[in-house]
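For the sequence shown, UniProt numbering assigns the number 1 to the initial residue and increments by one for each residue that follows. For reference, the structure discussed in these notes is given below.
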Amino acid sequence: MTVTCEIEFDNNPHGTYFGGQVLTGRVTLKLDKVKLVKAVTLNINGYSETRWRDRRGGNARRRKARRTFYGREDYIASKTFLVGSNLSSQCSIEPGVHVYNFACQIPTECPSSFEGTHGRVRYMTSVTLVRPWKFDQNYTRCFTVLKVMDLNFDSPLLRVPAHSETSKTYCCWPCTSDPLALQLTLPQTGFVPGQNVPLSVLVTNDSHIPVEQLMVTLVMLVTYHSKPPSMPNSTFERYILNTVKGDTVARNCKKLFNYELRVPATPPTCFNVCGLIQIAYQVEVEAQVKGCHTNEQVSVPLTIGSVPLSQHVHIQARGMPQQPLNARGLASAPPVDPANPWAVDDSIPPPNYQEAIHMRSAASSSKKDDTDDDPEPVQPNNLNPDGSVYQPLYPVFDIPSPTAPPPSDWTQNYMAERAFVNPAADADKEKGTWL
């Protein structure tokens, strides 16, 4: 006997939804003979789970000295009987095509879908044919849920340029070199997938150690937490989203570089929505120096949202309380269409949806054989109806990217504050490009 089950979503072929939307679709059962079942159920679930394993310590012979950490949170738990009920003993389904419609409200505060090595946030619909005295038949299809993160109402600091600096000296006892200083500047810190992150890097190498290469990287940092009854603990994972190889900087030289990093399809920043998985982003610039010396690194945190920054600022003016303020002192977000949260700005075109390539490569690498020192990953992803491994889809926007701040402005201001003026720099052309 052949049973075919198809789970389809209405007007949403990719199965991607935002929090607050209503999930609607239909289940189609095709049978060539009479099917005897106890019941046919439709389950719509949304949850997050983490699981990894650590060694307690000791020598390498203690292979069994491991602790397993895990946690789980549920966001959606809906069960509907398509045929029969919880009390029915046996029902018959006639041969032919049977169609069942369904609908489910997605809570607004659901975290975005995520698939990692040691945890996941997953949403799925499953149809179960409960058969008496036999194993149940299950048909599953996952769908993507995205938390609406409007950068216009998250923090006003996302529009402000960000600056970070660090310096390092190299010594060969009892001598100490002059410092190697890195300065990283961004025009803003709020971006959406599809935009380019422009950045300016000022390298002041007053040391005697040359910089062989600058590495500019966009990084996603994921923190996994466990919850009772497991022992509270956390572990970390690092994903590289994009990398640009920079130039060299000779010793006793100061140079300014401008780079761009494209933000690929990726989940939005998540700190306080999911209690088990936290997602953060940052731009890192690493100066790889010559010889047996430690490289120097500077970073600036980013916020990745699902609604890009608009041209006008949504801040409530003083003395004009027409619109309530939220906890951050910003005007509360106006009511939006859950299916199109960016529609409040006519200049933002609808995005397309793509798979996060960096998450797929990390998931495939986790399937390799584990050593005794490796954490234990969660189980592999479920399969789509076509047999492929499920991966969430995230919105990618085709909108203009911000431009880097004029180097002459912020560099000269910084040099004036720190008295980095070098009148003899122009006369020494062999030491590099002085600003």
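Every residue gets a Cβ at the ideal spot worked out from N, C-alpha and C, and that includes glycine.
Considering only C-alpha positions, which residue in the set the options is nearest to residue i?
| i | options | result |
| --- | --- | --- |
| H163 | Q391, Q311, M149, L302 | L302 |
| N258 | V203, A250, P229 | V203 |
| T16 | S234, E355, A250 | E355 |
| F69 | F397, D54, K79, T80 | D54 |
| P95 | T243, Q213, L36, P268 | L36 |
| I7 | W52, F18, G25 | G25 |
| residue 444 | S401, T235, C274, Q183 | No answer is possible for residue 444: the residues shown for the chain start at 1 and end at 435. |
| Y239 | Y281, A250, P268 | Y281 |
| S113 | S85, D10, C274, Q105 | C274 |
| V97 | L129, C142, C5 | C5 |
| K134 | K38, A287, N152, F397 | K38 |
| S78 | N233, V127, F153, I93 | V127 |
| A181 | T166, P193, D345 | T166 |
| N233 | N11, R67, N101, L42 | R67 |
| Q137 | V40, F271, Q391 | V40 |
| E115 | I399, E49, L129 | E49 |
| V283 | N242, S88, R131, N252 | N242 |
| residue 449 | Y123, L42, V285 | Lying before the first or after the last residue shown, residue 449 is absent from the chain, which here runs from 1 to 435. |
| residue 463 | A339, E286, V83 | Examination of residue 463 is not possible in this model, given that the chain is present from 1 through 435 alone. |
| L184 | G190, V201, P193 | V201 |
| Y139 | H358, P132, V27, F81 | V27 |
| Q105 | T169, Y47, G19 | G19 |
Under the rule that 16 or more other beta-carbon atoms within 10 Å means buried, what is residue i, buried or exposed?
| i | result |
| --- | --- |
| I277 | buried |
| L23 | buried |
| A103 | exposed |
| V289 | buried |
| M231 | exposed |
| T144 | buried |
| G246 | buried |
| G291 | exposed |
| V160 | exposed |
| L146 | buried |
| G305 | buried |
| A343 | exposed |
| V389 | exposed |
| T125 | buried |
| V99 | exposed |
| C142 | buried |
| C171 | exposed |
| A250 | exposed |
| N352 | exposed |
| F191 | buried |
| D337 | exposed |
| T294 | exposed |
| C193 | Rather than Cys, the amino acid found at residue 193 in this sequence is Pro. By the 10 Å Cβ count, P193 comes out buried. |
| Q90 | exposed |
Let me know the secondary structure DSSP gives residue i once reduced to three states.
| i | result |
| --- | --- |
| H14 | coil |
| H208 | coil |
| H225 | strand |
| A327 | At A327 the pLDDT is 46, less than 50, meaning the model places this residue with poor confidence; the figure from the coordinates comes in the next sentence. It is coil, neither helix nor strand. |
| I7 | strand |
| I357 | helix |
| M231 | coil |
| S310 | coil |
| D337 | strand |
| C110 | coil |
| R348 | One detail in the question is off: residue 348 reads as Ile in this sequence, not Arg. Of the three classes helix, strand and coil, the one that applies to I348 here is coil, per DSSP. |
| F271 | coil |
| L276 | coil |
| G119 | strand |
| residue 500 | This structure does not reach residue 500, given that the chain is present from 1 up to 435, and the question cannot be answered. |
| Y390 | coil |
| F143 | strand |
| F236 | strand |
| P400 | coil |
| T24 | strand |
| G19 | coil |
| P264 | coil |
| N295 | coil |
| V148 | coil |
| K290 | coil |
| P132 | coil |
| N252 | coil |
Please confirm whether residue i has its beta-carbon closer than 9 Å to some beta-carbon of chain D.
| i | result |
| --- | --- |
| P111 | Absent from the structure: chain D. Only one protein chain is present. |
For the segment 111-130 and the segment 222-229, state whether three or more C-beta atom pairs, one from each stretch, are separated by less than 8 Å.
-> yes
Going along the chain, which unbroken runs of the alpha helix (DSSP H) with 4 or more residues stay wholly within the segment 150-206? none
query: Touching or not, the segment 286-305 and the segment 73-86, by the rule of three or more beta carbon pairs under 8 Å?
result: no
Would you say the segment 23-31 touches the segment 193-205, given that touching needs at least three Cβ pairs under 8 Å?
-> no
Any contact between the segment 253-264 and the segment 211-220? By contact I mean 3 or more CB pairs, one from each, below 8 Å.
yes
3-residue-minimum beta strand (DSSP E) runs that sit fully inside the segment 26-108, ordered along the chain: 35-37, 39-55, 66-83, 91-93, 96-105
At least 3 beta-carbon pairs within less than 8 Å: the segment 175-186 vs the segment 206-213: yes
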